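Number of protein chains: 2
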Amino acid sequence: MPSKPKPLQEIVAENVRRERTSLGISQEEFAARCGYHRTYIGAIERAERNITLSTLEALAAALKLDIKELLVRHD
Amino acid sequence: MPSKPKPLQEIVAENVRRERTSLGISQEEFAARCGYHRTYIGAIERAERNITLSTLEALAAALKLDIKELLVRHD
């Protein structure tokens, strides 16, 4: 049975958290690299923020990823 | 010489306009399909709006595209 479509916000949240932890950096360190506050990164990783294209660009740049990789579903 | 990185906002703008026109529909018709006002679609297509993930989802759904296709650079 095909899985239910997952909201993009959740896909991005999971990908940011997985990629950040695979870099071995804290939310605090990652927030500093992005130029955001730690609490904003926490909210993004809990899928609580409907982020914009420019935020998506900043996250991907800090993770050294192509932006599209943050939109790929991995489950 | 590698081309200058193009802001995501411009890439999405160009892709939305190209895909919408290839469907042969007006901004008005497309806006109705997305549930947005025509002027908002116009602003998006002129790269004047830093849209959110949920708007990206709505645009891709109305264009019957995978969201990632709206982020692909075509020039």
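Just so you know, the protein sequences line up as chains A and B, in that order.
Residue numbers 1 to 75, in full-length UniProt numbering, belong to the letters of the first sequence in order.
Residue numbers 1 to 75, in full-length UniProt numbering, belong to the letters of the second sequence in order.
All residues carry an ideal CB built from backbone N, CA and C; glycine is no exception.
From a predicted model like this one, the values you see are computed outputs, not experimental measurements.
Sequence-distant residues of the same chain with beta carbon closer than 8 angstroms to residue i, five excluded per side
i     : result
B/L71 : L8, I11, V12 and N15
A/I67 : L56, E57 and A60
A/R33 : I25 and A62
A/R18 : H74
Chain-ordered chain A contacts of residue i [CB-CB under 9 angstroms]
i     : result
B/N50 : T52, L53, S54 and T55
B/V12 : L53
6 angstroms CB neighbourhood of residue i in its chain, flanking five on each side removed
i     : result
B/G42 : Q27
Minimum C-alpha distance to residue i - residue among the options
i     : options                       : result
B/L63 : B/H74, B/R46, B/D75 and B/G35 : B/G35
A/R38 : A/D66, A/R20, A/K4 and A/I67  : A/R20
B/E45 : B/L59, B/L65 and B/D66        : B/L59
Interface partners of residue i on chain A, CB under 7 angstroms
i     : result
B/I67 : L8 and L71
Chain-order list of residues whose beta-carbon lies under 7 angstroms from that of residue i (same chain, five-residue window excluded)
i     : result
A/N50 : Q9
A/E48 : none
B/F30 : R20, I41 and A62
A/L65 : E19
B/K6  : R73
A/K4  : none
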